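When the sequence shown is numbered by our numbering, its final residue is 794 and no position is left out of the sequence of numbers. Glycine included, C-beta positions come from ideal geometry on N, C-alpha and C. Just so you know, these numbers come straight off a predicted model, no measurement behind them. What follows is a single structure, written as structure tokens, with notes after it.
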Amino acid sequence: MVYVLALGAALSNALTSILQRMGVEDAPESDRLRFRLIAHAVRNRVWLAGFGFMVLSFVMQAVALHLGRLSEVQPILTVELLFLVVILGIWFQYTLSWKEWCGSGAAALGLAGFLIFADPGRGNRTPTTAAWAGVSAGCAVAVAAGILLARRGPRWWRAACFGTAGAVAYAFAAACTKEVTGFLARDWVSIFWHWQTYGLAASGALAVFLAQNAYHAGPIAASQSTLVLVDPFASILIGIALFGDDLRTSGAWGPLEAVSLLVLFAGGVLLSNSPLITGIRSSETADADRLGPRFRRRFGQPHTSPASDSEPARGIRPCGS
């Protein structure tokens with residue numbers, strides 16, 4: 474049941490990424506790191522549809538975290554990249570190339586290997602105040618560093634830095650979610666007397682805000698790879714520090730887990746750089762990686778776009794061609 478719920482959350486996350494990216498990609502560049510970006514988004518029905526899938530994903534992830542362990546649930550969410558490629562492949566009627574197949578196989582093999590070799594156990598320790606303080610401080614520093622680094626540099630760098638900061642915020646929100654669901658199971662009224670409830674609201678809102686900035690800042694490959702791949706790594710560390718998640722690291726288990734994670738991350742990076750996601754554009758202009766014009770062209774809706782948008786992405790070909 475834990476794995477099914479986590480996979481459902483990953484699918485909803487993939488739909489969220491596509492719809493919310495379409496909802497903010499035409500926002501002015503000056504809206505970066507301003508609440509005007511969210512104001513622009515909520516006026517877009519496509520973005521609101523993505524928000525609905527985000528809520529659905531949160532519910533499924535919360536139940537999975539209540540039943541399972543942080544270091545068990547969060548790595549499964551990396552399957553989002555596989556769902557993202559498949560959805561875009563079907564949506565825009567592209568066939569999958571060797572890059573998608575290799576990336577999918579590596580991600581699936583790496584995830585299965587990690588769960589088998591690590592065999593996450595325990596993870597039911599009640600976190601101490603000192604542990605929460607240490608984890609909160611570490612996450613705050615990581616998020617602040619990501620935001621500062623995102624203020625300068627090319628578009629792909631800004632998207633990656635915002636994505637990294639958002640991923641750490643999501644990982645902290647997941648830890649708060651696990652704690653809050655425990656309070657909820659015992660006495661739902663008690664959740665209002667614990668700071669983790671408000672920490673979840675604050676970190677969740679910050680994560681959503683940073684994710685929108687990542688989508689808006691640059692290519693979806695840069696934002697998505699960091700959002701999806703940094704989250705499980707941060708969650709594993711948080712799970713060990715807070716809840717006492719026990720991973721087998723003695724003997725050959727440790728190296729096998731490390732290799733599995735490397736294979737998983739390599740598959741994720743390969744998928745996130747798939748032409749289905751990036752469009753493989755050499756240009757760094759804002760129009761180069763937009764999904765909206767592709768969506769309208771796919772369903773025969775009129776639109777105005779640069780000449781380069783009419784060209785199919787390299788490395789993939791439409792079905793039936």
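* To do: Determine the DSSP secondary structure at residue 718, reduced to helix, strand or coil.
  => strand
* Whole angstroms is fine: what's the gap from residue 488's alpha carbon to residue 640's? => 17 Å
* Could you give the distance in angstroms between the alpha-carbon of residue 712 and the alpha-carbon of residue 675? -> 20 Å
* Limits of the unbroken alpha helix (DSSP H) element including residue 602 -> For residue 602, the uninterrupted alpha helix (DSSP H) segment begins and ends at 602-622.
* To do: Can you tell me which of 718, 700, 735 puts its alpha carbon nearest to the alpha carbon of residue 851?
  => Nothing about residue 851 can be read from this structure; the chain reaches only from 474 to 794.
* Could you spell out where the alpha helix (DSSP H) holding residue 559 opens and where it closes? => Segment 553-564, the alpha helix (DSSP H) holding residue 559.
* Asked: Got a sec, what are the start and stop residues for the alpha helix (DSSP H) residue 516 sits in?
  -> Counting along the chain, residue 516 falls outside any alpha helix (DSSP H), and DSSP gives it neither H nor E.
* To do: To the nearest angstrom, report how far apart residue 721 and residue 607 are at their CA atoms.
  => 24 Å
* Asked: For residue 598, which of helix, strand or coil comes out of DSSP?
  -> coil
* To do: Using the Cα positions of residue 689 and residue 556, report the straight-line distance between them to the nearest angstrom.
  => Rounded to whole angstroms, residue 689 and residue 556 show a C-alpha spacing of 21 Å.
* **Member of 655, 582, 605 whose CA lies at the smallest distance from the CA of residue 737** => 582
* To do: Name the residue from 683, 708, 710 whose alpha carbon lies nearest to the alpha carbon of residue 697.
  => 683
* Residues near residue 643 in its chain [Cβ-Cβ closer than 7 Å; skip 5 each side] -> 680, 704
* **Inter-stretch contact (C-beta, 8 Å, three-pair minimum) for the segment 610-630 and the segment 659-669** => With the cut-off at 8 Å, the segment 610-630 and the segment 659-669 do not touch.
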